Structure formats: structure tokens, C-alpha cells
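To start, the structure itself, in C-alpha cells.
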Amino acid sequence: MTNKLALPTLIALCSISLRKPMISSLAVLGDMTISGSLLPVDDLASSLQVCLDSGAKKVLIPIISAQEIAAVPATLMSSFQLIFYTSAKDAVFKALGVE
Numbered sequence: 628m629t630n631k632l633a634l635p636t637l638i639a640l641c642s643i644s645l646r647k648p649m650i651s652s653l654a655v656l657g658d659m660t661i662s663g664s665l666l667p668v669d670d671l672a673s674s675l676q677v678c679l680d681s682g683a684k685k686v687l688i689p690i691i692s693a694q695e696i697a698a699v700p701a702t703l704m705s706s707f708q709l710i711f712y713t714s715a716k717d718a719v720f721k722a723l724g725v726e
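Residue numbers (this note's numbering): 628 to 726.
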């Protein structure tokens, strides 16, 4: 058993259930606990580099990881449209393009 759940899994399940695709070229970073609390992204700079190498143009990031942005090189940051989310529900809405 684990005490956390991958947020991309939740988004994928909602996407399938609603028959609504995610927005294109989106990478989703972050985890949440079973109770719904968000967890910060481990090593944000490396995670963003993987997103860049994979062709992502937009990245969904938990707001609690915003403090780590200062440690990310500016050239890497300028490669993406960053989309911050404050809850799992907010992440699902933003990933599916629902505002």
C-alpha cells in the first residue's frame, strides 16, 4: 500500500469517464495523498528537463512547487507555458481544458 496517488492517473480516469481529452502537449507533474493533499514535485528542474525532452509545451505544476522555480534555469523555464493548480479538482479541470 502507498499513501500517495499519481495525479496523472486521476486525470486520466476523469478524462476517460467524461470522454473529454486532455489538452495537447501537456505534461502533468505532482502527486497527491489519498486524502487529497498535494505533494511538491521532487527535483523540479530535472522533471522539467524530461518534459522538454519529451516534447511538452505546457506543464501542469502544483502551486506548492512554485518556490522551486527560482532554481530552474531561465532557458528551461521559457520553453513552457506553466499552469499552476491548487487542488486535484483544479488540476483535472485545467488538464481537460475546463475553466
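All C-beta atoms in this analysis are idealised placements derived from N, C-alpha and C, irrespective of residue type, glycine included.
Every value quoted in this text rests on a predicted model; they were computed, and no experiment measured them.
{"query": "Spatially closest choice to Asp-666 from Ser-644, Thr-636, Lys-721, Ser-692, by CA coordinates", "result": "Checking the displayed sequence, the identity of residue 666 turns out to be Leu instead of Asp. Leu-666 has its Cα closest to that of Ser-692, out of Ser-644, Thr-636, Lys-721, Ser-692."}
{"query": "Paired residues, beta bridge with Val-655 - DSSP", "result": "Leu-687"}
{"query": "Rounded C-alpha distance that separates Tyr-712 from Gly-663", "result": "13 angstroms"}
{"query": "Cut-off 7 angstroms between Cβ atoms - residues of its own chain near Lys-721, not counting five sequence neighbours on either side", "result": "Leu-687, Ile-710, Tyr-712"}
{"query": "Length at least 3, wholly inside the stretch 690-722: the beta strand (DSSP E) runs in chain order", "result": "708-712"}
{"query": "Pair within 8 angstroms by beta-carbon distance, Ala-639 and Cys-678", "result": "no"}
{"query": "Classification of Gly-724 by the beta-carbon crowding that lies within 10 angstroms, buried from 16 upward", "result": "exposed"}
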